[in-house]
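The structure appears right after this line, and notes come after that.
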Ligand SMILES: [Zn+2]
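Residue numbers (the numbering used here): 54 to 184.
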């Protein structure tokens with residue numbers, strides 16, 4: 054982190070902090086205020102990693118016919134957060150999943166199949182049997 058410049062919080066005049074001591078701050082030459090605003094440049098870029106989720110439902114149906122989830126997810130193989138995108142389209146019997154590396158944009162995992170095929174090897178099978 055680099056300190057670019059220090060200015061007075063009251064009037065915005067640049068303040069020379071080189072004459073500061075441990076016990077006293079140089080007062081603003083224009084208005085005499087002690088308040089300061091420091092401008093720093095941060096070399097590290099911060100990326101907001103938020104998730105979004107969309108569910109589309111018809112009024113008389115319990116289950117959403119479209120589920121679209123996009124969220125950060127922890128990858129154990131990569132030992133870091135990755136971006137996970139998942140779409141369930143019940144109307145068109147489609148299941149889509151994509152896992153992307155945030156830093157490089159590399160697609161770690163991509164999978165598209167019919168929803169019925171996907172559910173046949175998931176926990177949905179157990180549900181069907183116990184019905
Ligand atoms: Zn000032």
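Yeah, the Cβ is synthetic: ideal placement off N, Cα and C, and Gly gets one too.
Check: Can you give me the start and stop residues for the beta strand (DSSP E) that residue 69 sits inside?; Outcome: It is not in any beta strand (DSSP E) - residue 69 carries neither H nor E in the DSSP assignment.
Check: Please list, following the chain, all residues that have a C-beta closer than 6 Å to any non-hydrogen atom of ligand 1.; Outcome: 61, 63, 64, 66, 81, 83, 84, 86
Check: So what does residue 61 bridge to, in DSSP terms?; Outcome: 89
Check: Report all residues from its chain with a CB closer than 7 Å to the CB of residue 169; omit the five preceding and five following residues, and keep chain order.; Outcome: 146
Check: Going by other Cβ atoms of all chains shown within 10 Å of its Cβ, with 16 needed for buried, is residue 81 buried or exposed?; Outcome: buried
Check: Do residue 75 and residue 68 have their C-beta atoms within less than 8 Å of each other?; Outcome: no
Check: With three or more beta-carbon pairs closer than 8 Å as the criterion, would you say the segment 126 to 137 touches the segment 105 to 113?; Outcome: no
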